[in-house]
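J.: Mind having a look at this structure? Questions to follow.
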Amino acid sequence: MADLLPLLLLLPLAAAVANGVNGFAGGRLFGWRTVQRLTVGATAAAFVCALGLFAGVLVDPTPRTVVLYEWLASGGVSIEVALLVDTLSALMALVVTGFGFVIGRFSINYMHRENGFTRYFAAYALFVFAMLVLVLGDNYVMLFVGWEAVGVCSYLLIGQYLERNSAARASTEAFVANRVGDAGFIVAILMMIDAFGSVKYADVLSRLGSVDPGTLTAIALCLLLGAVGKSAQLPLGSWLAKAMEGPTPSSALIHAATMVTAGVYLIVRSHELYDAAPHALTVVALVGAATALYGAMVGQTVSDIKGLLATSTTTQLGLMFLACGLGAYTVAMFHLVAHAFYKSYLFLTAPSILHHLHGRLDPATQEPRRDLPSLYTVVALLAGLMVMVPLLIGLGDGATHVGGWTASAWVLLAGAMLAVASAAHYGFMLTREAFVHGDPHHGAAHDDHPHDPHHAHDHAHGTPRHAPAGDQRLPIGPVVWPLGLVAAAAVAGLLLELLPGGLDDSWFRGLLAPVVGAGRGSVDGALGLRVALGLLLVAMVVYAWFSAMFLTRYRAESALGGLVRQRQLYVASINRFWIDLLTRRLVVDRVLGLGRALDRFDTRVIDRIVGWPVSIAARLGRLVSWLDTYGIGAAERSPRALTSHLSSVAALLESYVIGGVENGLRGLLAIIGRAGTAFEGVIAKPAVAVVLIAMVTIAALLGVR
Amino acid sequence: MVINEVLASLQIGFPILSALIWLPVAGIALVALSPSPVLATRITVALALVEFLLTLLLLSAFKTGTPDLQFVERLGGIYVLGIDGISALFLPLTALLLLLTCLSSEVSSMNGVRGYLMAQLGFAATMMGAFAAADLTLFWLFFALEIAPAYLLIARHGTGAERRGAARHYLAVMVVSSGLLLIGLEMLIAEAGGARDLRTVLATAIPAEAQVGIFALLCVALGIKAPIFPLHSWLPKVLEQGPVVGLGIFLVGVKVGTYALIRFVIAMLPEASAQWFWVMAGLGTIGMVYGALIALAQSDLRRLLAFASLSHMGVVLLGLFSLNLYGLQGGLLQMLSLGAAAAGLYFIAGFLHQRVGPPDIGNLGGLTTQVPLLSLAFITTAMAAVGMPVTSGFNGEHLVVIGAYKVHWGMAICVVTGTVLTAAYFLRYFLRAFMAEASAPGAAAIPDLSLRERVIMLSMVGVVMLAGLYTGPFLRVVNGSLEPMAQHVEARVKQHALQLPGARTTAQAQAAPQPSTR
């Protein structure tokens, strides 16, 4: 089945290249119909290939490597362009191409007659290709190549609406945040090269014993930094909510078809490394738990559908990381796949709901249900699924798998509870916003401006709507029967032994067993980390209970604001815990200020100090330019004039050189004086700047011994 | 280090290196004699095309896997030419940039076209000479001669109001640089027993105690040219005030400085390099972060590129003075790829200049919708400079990081920080200049890339991606020379019981199981 591999990869690439060339030629090569047919056809064919690949893996789960060519070889380390097919990568390829195809088909309608149609589909096909490289690569460099390429594609997709300034900002921020994570990834790769002499998964993960644990922990933490950037975990997570600026199907692609879950894939792929580095593993759990809690709390105050979906992704990703950090890799993978299903569905239904609300709904009637029966069912169903999924995967595993540390079972339970609470909240919010509340000027109607800070701000300082009672409570009836359907599906799944996926003897675990193996099964690591993790989990449980009991039942949007005592929490939540603001104030502004200060320093000080030969030679230079203008002209005019010019040149030279040296010395002293004052001026203002330069210098000097 | 030589007559049948140097010189005469500027432009483009094809021929006949000096010509005296793996790749790049620069449409619509073309050809000739020279004095001669056409280009064909000031600044600084270089090279020649020949000097062991002085002189001289951190003041001035099109080639021209650092400093003065590498690596680190931070605050693309070049030069310097194979390879690859990427971006600055005047943020905006192709070309080339995969910047950067890590992890962290900043300043510029709303709403619509400009940008992107996807062949060309050199440096250093940077980690890495060396 490995024969399908080149086809699987080349089809989306070919579509991307064709669309790209067409776009570069101004769309003259073929029309928009061909563009969409090409892209969707290529992803559909790739999906069929991935199915074949997956079937092949089901028959024979032995990992296979296909080496295409040697990319570069240097001093004993050889980096190959090679692909790896095992159950994990085949599963991921299936998810990528499957959702790639569905979302691609959807994009045809969504992007119809939009500007940049060809550009969108070129970036789209490239995205699918990059994701395939990411999941099918045989070594960390290949993974990184796909990783970076996906980053570029998401940059293009988020910035799709070129005429919108906010989209440009969002895409830039997403790229730079990703790049910070990538820096960690690069360091991890080179530490691997240094420690293991290879970047192949098989080599690295089999040579773990020969390297000291400190190095392993460092490598694992650097990889984690990369995963944090890509998967929008704390503290690099703020780009994800803003990334909603892209067209909705591209958001679906980023959220569902695994770009943000690439971090989870990375950790699962290198789980042996994390098992050997327990401190790092605990940090993974900590990051995940913190992000999940953050996402859940921020989600309470988000007031529009797309924003809700974004924060719910944050929560879900946090839970996946938490599962990884607790050693339950299969659970994380199952969660990943399930999340892809329901999140892509929610994303793809969101725009049509909004479309209906914008187009057909009369705000006065508030009775849209009859207009949208099918949509309503679907969304309610999926919302219900969102509630159920963590239960189905988490509880089963919590009971049986994580047995090493006594508290582990309820640790995972905490995660599940939080997920349920927040997912229930989202579910209620969605159905409510869309079908019950239904006010297009409020909340749900923010399709194009999902995260509108002014809007949020108004609520923060406006009169919070206290929820009296009665009609402000959610009508729970319409949500119950879809839940029942989901439960029925779950029971069917149970009977088919597909669910719960996390159980020891489940089919899913059996599928991934050749790659993921048994896992660590206990929480280890430094005491401080464990205590922090425990506290965080307790906080999650408390919050989940609190939220379910007191907040969600009331009018959802003013949930936290509804109770006066939670005012602070509400403000924190609506400001996203000021993480964005802090990043801007503490990092971005400082760096920019430093750049500007250095620029002034460069023109005022360095130019003068280093430019001393210039001031001395200025006269000589003027002489040359004189020769340049007059000398050449004179030479052209007449040879006699030339001789007279030459004699005056000699005279000039004499006076210039003597005068130049004198003036130069005098000028030099003056310049040193001026440079001193200028230098002082620079030092006095951005003292931080100079300290930082000094620190960099010292670090460089100390660093190189 | 003992290397052999292969004569050009045996290898290819005609003196190809001389042809590469003298063809542009003949071109100068032809252009001077040609009756009309249009004809002069055509002659130059034709010559540049021939030149480029010749360099491709050269590359195809080049033997990889050997440190030998190839295509050697000896005419007596100092006229000794020959190339090896270190210099081989610079020749095609120079020729390609000459071709693209001459193709650029501004040439045909500019005043004083002939003078411009002559200066451009002269510049190309001296650069070819500097890369092809296999004699220390001949190298110096070309190095010094290069100043003249460059000065003329800036002073006469610059676009800035202060172009004369910038040209004078350049001239003064470069005179100091070449003066110091001359003294340094003469001292080196004296220590080598009067031999000027590259091969002989390489084969002679320069006494370690004599090396330090020469090292300092050469580093300052080449540091001005490169430019290295505190000596860079001329570059922003020149790039801002100089001609908008002609300087693409310039950005490769400055690579002569780092090229000479490999050629004369690291290869010939290994003990001094091993002893003082931290000064150069430290300056590289500072320059990298310093340049990137300043670039972040720039609003003019040309000035931004100057500081970006400074930052990139820091990366190259760090790689080279890691003094191990990874670092040397990475440094050399970065020189080539960043030269190409920076030149590509400078071309874009030129295109913008033609359309709206100085490429300052204040003049720009809304470009992604108005000129999508130009925007795409910018972002693609910028991604190469940032070091995205499938561009050559990716591989070069990684090799440098590995090399630096072998010396100390702190250095590697600095390089990686530099890459984050690089992404930040290029994307920030793109955001503010291309994606932001147009600041002057009434401005006339500007045209997108013309066919000729598309050819130029496609070839730049093509070079960068070719080197990124097929790095193997590129590395094979340079490895023939770099591997023996790295071993030579190590052997010489061990002989003097000095410690090579990162000796501990190197030993560790060797203990780890490794696949076979290629």
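So the protein sequences, as listed, match chains A and B.
The working numbering puts the first residue of the first sequence at 1, with every later residue one more than the last.
The working numbering puts the first residue of the second sequence at 1001, with every later residue one more than the last.
Every residue gets a Cβ at the ideal spot worked out from N, C-alpha and C, and that includes glycine.
Can you confirm whether the segment 267 to 287 of chain A touches the segment 340 to 350 of chain A when touching is taken to mean that 3 or more C-beta pairs between the two stretches lie within less than 8 angstroms?
T.: The segment 340 to 350 of chain A is not in contact with the segment 267 to 287 of chain A.
J.: On a Cα-Cα basis, can you pick out the residue from Gly1284(B), Ser1375(B) and Ala1340(B) that is closest to Ala1404(B)?
T.: Residue Gly1284(B) is the option with its Cα nearest to Ala1404(B).
J.: Whole angstroms are fine: how far does the CA of Leu1399(B) sit from the CA of Val1477(B)?
T.: If I take the Cα positions, the gap works out to 16 angstroms.
J.: Below 7 angstroms CB to CB, which residues in the same chain sit around Gly229(A) once its five sequence neighbours on both sides are set aside?
T.: Excluding residues within five positions, the ones whose Cβ falls inside 7 angstroms are Ala177, Asn178, Val180, Gly181, Asp182 and Leu236.
J.: When Cβ atoms are compared, which residues of the segment 1457 to 1484 of chain B fall closer than 7 angstroms to chain A?
T.: If the cut-off is 7 angstroms between Cβ atoms, the segment 1457 to 1484 of chain B has Thr1471, Gly1472 and Leu1475 near chain A.
J.: Which residues in chain B sit within 8 angstroms of Arg596(A), going by Cβ to Cβ distance?
T.: Near Arg596(A) (Cβ distances below 8 angstroms), the residues of chain B are Ala1297.
J.: To the nearest angstrom, how far is it from the Cα of Gly443(A) to the Cα of Tyr294(A)?
T.: Residue placement at Gly443(A) is poorly supported in this model, since its pLDDT is 37, which falls under 50; the coordinates still yield a value, given next. Straight-line Cα distance between these residues: approximately 21 angstroms.
J.: Anything in chain B within Cβ reach of Ala183(A), meaning under 8 angstroms, just list it in chain order.
T.: Per Cβ cutoff of 8 angstroms: Val1416, Thr1417, Thr1419 and Val1420.
J.: Could you give the first and the last residue of the continuous alpha helix (DSSP H) run that contains Ile1206(B)?
T.: Where Ile1206(B) is concerned, there is no enclosing alpha helix (DSSP H), given that its DSSP letter is neither H nor E.
J.: Could you have a look at Gln1070(B) and say whether DSSP puts it in helix, strand or coil?
T.: It is a strand residue.
J.: Counting only Cβ pairs nearer than 7 angstroms, list the residues of chain A close to Val1265(B).
T.: Those within 7 angstroms of Val1265(B) in chain A number zero; the least Cβ separation is about 17 angstroms.
J.: Taking DSSP as the reference, what is the three-state secondary structure of Asn109(A)?
T.: Helix, per DSSP.
J.: Check the Cβ of Phe144(A) against every Cβ in chain B and list those closer than 8 angstroms, keeping chain order.
T.: Residues of chain B passing the Cβ test: Pro1389.
J.: Residues of the segment 53 to 72 of chain A in Cβ contact with chain B at a cutoff of 9 angstroms, in chain order, please.
T.: Cβ contacts with chain B come from Tyr69, Glu70, Trp71 and Leu72.
J.: Ile790(A) touches chain B at which residues, Cβ-Cβ below 7 angstroms?
T.: Here chain A covers residues 1 to 705 and nothing more, so residue 790(A) does not appear.
J.: Less than 8 angstroms between C-beta atoms, sequence neighbours within five positions excluded: which residues of the same chain meet that for Glu173(A)?
T.: Closer than 8 angstroms at the Cβ level, and outside the excluded window around Glu173(A), lie Ser238, Trp239 and Lys242.
J.: Verify the CB distance criterion: does Ser1233(B) have a CB-CB separation below 9 angstroms to chain A?
T.: Yes, because at least one Cβ of chain A sits closer than 9 angstroms to the Cβ of Ser1233(B).
J.: For Gln1011(B), name the three-state secondary structure that DSSP assigns.
T.: It is helical.
J.: Give the list of continuous alpha helix (DSSP H) stretches no shorter than 4 residues that lie fully inside the segment 1121 to 1166 of chain B.
T.: Complete alpha helix (DSSP H) runs here, min 4: 1136 to 1145 and 1147 to 1157.
J.: Does the count of Cβ pairs from the segment 1089 to 1107 of chain B and the segment 1156 to 1167 of chain B closer than 8 angstroms reach three?
T.: Touching, no, given that fewer than three Cβ pairs across the two stretches are closer than 8 angstroms.
J.: Going by CA-CA distance only, name the one from Ser1036(B), Phe1014(B) and Ile1043(B) that's closest to Gly1027(B).
T.: The shortest C-alpha separation from Gly1027(B) is found at Ile1043(B).
J.: Using a Cβ cut-off of 8 angstroms, pull out every chain A residue sitting near Lys1406(B), in sequence order please.
T.: Going along chain A in sequence order, the residues near Lys1406(B) (Cβ under 8 angstroms) are Asp194.
J.: For the beta strand (DSSP E) that Ile761(A) lies in, which residues bound it at each end?
T.: Past the boundaries of the shown model lies residue 761(A); chain A is included only from 1 to 705, so the question cannot be answered.
J.: What are the boundary residues of the alpha helix (DSSP H) that Val1289(B) is part of?
T.: Counting along the chain, the alpha helix (DSSP H) containing Val1289(B) begins and ends at Pro1270 to Leu1296.
J.: Along the chain, where does the alpha helix (DSSP H) containing Val199(A) start, and where does it finish?
T.: First-last for Val199(A): undefined, no H or E at that position.
J.: Please report whether the beta-carbon of Thr1064(B) lies at a distance below 9 angstroms from any beta-carbon of chain A.
T.: Judged by the 9 angstroms Cβ criterion, Thr1064(B) is not in contact with chain A.
J.: Kindly list, in the order they appear in chain B, the residues whose Cβ is closer than 9 angstroms to that of Thr172(A).
T.: Residues of chain B passing the Cβ test: Ala1424, Leu1427, Arg1428, Phe1430, Leu1431 and Met1435.
J.: Can you tell me the Cα-Cα spacing of Leu592(A) and Leu1293(B), whole angstroms?
T.: Straight-line Cα distance between these residues: approximately 7 angstroms.
J.: Could you give the DSSP three-state label for Asn1479(B): helix, strand or coil?
T.: Asn1479(B): helix per DSSP, three-state reduction.
J.: Are Thr1422(B) and Gly1387(B) close, meaning C-beta to C-beta below 9 angstroms?
T.: Yes, they are a contact pair.
J.: Distance, Cα to Cα, Ser78(A) vs Lys1237(B)?
T.: Their backbone Cα atoms lie some 43 angstroms apart in a straight line.
J.: Check whether the Cβ atoms of Ala1424(B) and Ala1384(B) lie closer than 9 angstroms to each other.
T.: Going by C-beta atoms, Ala1424(B) is not nearer than 9 angstroms to Ala1384(B).
J.: Once DSSP output is grouped into helix, strand and coil, what is the label at Gly209(A)?
T.: Reduced to three states, the DSSP call for Gly209(A) is helix.
J.: Rounded to whole angstroms, what is the Cα-Cα separation between Ala42(A) and Tyr265(A)?
T.: Spanning the two alpha carbons is a distance of roughly 24 angstroms.
J.: Sort out for me which residues DSSP pairs Ala73(A) with in a bridge.
T.: Ser78(A).
J.: Mapping the DSSP letters down to three states, classify Leu1323(B) as helix, strand or coil.
T.: Leu1323(B) falls in the coil class under three-state DSSP.
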